[in-house]
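K.L.:
Heads up: the sequence shown runs through residues -23 to -1, 1 to 260, numbered per mature numbering (1 follows the signal peptide of the UniProt record, and there is no 0).
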Amino acid sequence: MLKRTLALTAGLALSFCTLLSQAADTLKVSAIPDEAPTELLRKFKPLGAYLEQQLGMKVEFVPVSDYPAVVEALATDRIDLAWLGGFTFVQARLKTGNAIPLVQREQDAQFTSKFITADPAVKSLADLKGKTFAFGSVSSTSGSLMPRYFMLKDGIKPETYFSRVGYSGAHDATVAWVQAGKVDAGVLNASVWEKLVAAGKVDTNKVKVFATTPAYFDYNWTVRGTLDPALAAKIKAAFLALDPAKPKDKEILDLQAASRFIETSPENYKGIEEAARAAELLK
């Protein structure tokens, strides 16, 4: 009986170790849902294949329903690597105490947001007093936090300045709202705006940019603080090794709207934390 018990215990231990090994062999990756789920997956597929090759392990994309879900998944070790906006990174860092930003695109050190409208009479924010306005997600750095912060600095409190403030949930949805006349104006990140224009998915005869924010730090790839440091270092090296002179690498970079990736650090996001506190979005 004792032998059977010992054998059963050993078998359970072996099964548990096998499960842990399998889990350790899969890198779980997610991203803030700032675009349609199908678009996020399309952008990730070549990058995921590249990471599998570089890391020698399976890479799985884990979609989430909203921005807070990414933060929660990092905090509970359900994902290992995530594409975050600056504000979402600040939230993740504050919640976990140890989330580590590895890399950002070159332009993320000088990121901007674009104010757009389909109303030819609108030339500036002054022309929007009493009209309707759309942000993206409430947790979006470029679609909400930083535009709000710069408006507040100019004495504009959106909830009292505009007749109605809406949240579209994503940058491409904001463009759709403005183009359809659902709102008089909106704001979104510069990178998505440029991508939509290049793809012919916005009628630039109708929708125009009428203002651009000052620059700020934004997106990055972040790992959970409990991830094996050696693996985190390999992930960082893989991103830094992407070379736009190589066709396959350029395909990956183009889908990420990146010229190349560069190292980043938590200190780069102190300004976003200050902006979030000024906008009373952090307790």
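For glycine and all other residues, C-beta sits at the position ideal for the given N, C-alpha and C.
On a predicted model such as this, the values are computed, not experimentally measured, just so you know.
Which whole-angstrom value describes the C-beta separation of Val179 and Val152, a residue pair presumed to lie in contact below a C-beta threshold of 8 Å?
P.N.:
Translated into the one-based positions of the sequence shown, residue 179 becomes position 202. Translated into the one-based positions of the sequence shown, residue 152 becomes position 175. Indeed they touch by this definition, with Cβ atoms about 5 Å apart.
K.L.:
Whose CA, out of Asp54, Pro78, Val174, Ala147, lies closest to the CA of Glu244?
P.N.:
If you number the sequence shown from 1, residue 244 lands on position 267. Here the closest residue by C-alpha is Pro78.
K.L.:
Whole-angstrom Cβ separation of Lys91 and Trp170, contact assumed at under 8 Å?
P.N.:
Within the sequence shown, numbered from 1, the residue matching residue 91 stands at position 114. Within the sequence shown, numbered from 1, the residue matching residue 170 stands at position 193. Yes, they are in contact, since the Cβ atoms of Lys91 and Trp170 sit about 5 Å apart, within 8 Å.
K.L.:
Is Leu219 helix, strand or coil when you go by DSSP?
P.N.:
For this step, residue 219 is matched to residue 242 along the sequence shown. Of the three classes helix, strand and coil, the one that applies to Leu219 here is coil, per DSSP.
K.L.:
Assign residue 272 to one of three DSSP states: helix, strand, or coil.
P.N.:
Summary: the structure shown does not reach residue 272, with the chain confined to residues -23 through 260, and so no result is reported for it.
K.L.:
Taking the alpha helix (DSSP H) that Ser168 belongs to, which residues open and close that run?
P.N.:
Numbered from its first residue, the sequence shown carries residue 168 at position 191. Unbroken alpha helix (DSSP H) run through Ser168: 167 to 175.
K.L.:
Would you say Asp104 and Ala95 are within 8 Å of each other, going by their C-beta atoms?
P.N.:
The residue labelled residue 104 in the question sits at position 127 within the sequence shown. The residue labelled residue 95 in the question sits at position 118 within the sequence shown. No, these two residues do not count as a Cβ contact at 8 Å.
K.L.:
Please determine, among Ile133, Gln68, Val164, the residue with the shortest C-alpha to C-alpha distance to Glu251.
P.N.:
Within the sequence shown, numbered from 1, the residue matching residue 251 stands at position 274. Nearest option by C-alpha distance: Gln68.
K.L.:
With respect to the beta strand (DSSP E) encompassing Tyr144, which residues constitute its N-terminal and C-terminal limits?
P.N.:
Residue mapping note: residue 144 aligns to position 167 of the sequence shown, counting from 1. Its beta strand (DSSP E) spans residues 141 to 144.
K.L.:
Taking all protein chains shown into account, decide if Gln87 is buried (16 or more other Cβ within 10 angstroms of its Cβ) or exposed.
P.N.:
The sequence position of residue 87 within the sequence shown is 110, counting from 1. Its Cβ having fewer than 16 others within 10 Å, Gln87 is exposed.
K.L.:
Hey, could you find the ends of the alpha helix (DSSP H) Glu251 is sitting in?
P.N.:
Counted from its first residue, the sequence shown places residue 251 at position 274. From DSSP, the alpha helix (DSSP H) with Glu251 extends over 247 to 255.
K.L.:
Indicate whether Leu232 and Pro221 have their beta-carbon atoms separated by less than 8 Å.
P.N.:
Within the sequence shown, residue 232 is the residue found at index 255, counting from 1. Within the sequence shown, residue 221 is the residue found at index 244, counting from 1. No; because the gap between Cβ atoms is not below 8 Å, this pair is not in contact.
K.L.:
Along the chain, where does the beta strand (DSSP E) that runs through Val6 open and close?
P.N.:
Counting from one through the sequence shown, the residue named residue 6 turns up at place 29. Counting along the chain, the beta strand (DSSP E) containing Val6 begins and ends at 3 to 8.
K.L.:
What's the call for Gly30, buried or exposed, on a 16-neighbour Cβ count within 10 Å?
P.N.:
Walking along the sequence shown from the start, residue 30 turns up at place 53. It is Gln, not Gly, that sits at residue 30 in the sequence shown. Gln30 comes out exposed.
K.L.:
Exposed or buried, Ser140, counting other C-beta atoms within 10 Å across all chains shown (16 or more means buried)?
P.N.:
Residue numbering aside, residue 140 sits at position 163 when the sequence shown is read from its first letter. Flag for Ser140 reads exposed.
K.L.:
Should Thr118 and Ile249 be called a contact, given that it needs their Cβ atoms to be closer than 8 Å?
P.N.:
On the sequence shown, residue 118 is found 141 positions in, with the first residue counted as 1. On the sequence shown, residue 249 is found 272 positions in, with the first residue counted as 1. Cβ atoms of Thr118 and Ile249: closer than 8 Å.
K.L.:
Helix, strand or coil, according to DSSP, for Thr94 in the structure here?
P.N.:
Looking up residue 94 in the sequence shown gives position 117. Thr94: strand per DSSP, three-state reduction.
K.L.:
If you run the structure through DSSP and keep just helix, strand and coil, what is residue 261?
P.N.:
Past the edges of the chain, shown from -23 to 260, lies residue 261, and the structure says nothing about it.
K.L.:
Taking the beta strand (DSSP E) that Leu61 falls in, what are its first and last residues?
P.N.:
For the purposes of this step, residue 61 is taken as residue 84 along the sequence shown, with counting starting at 1. Note, Leu61: beta strand (DSSP E), 58 to 61.
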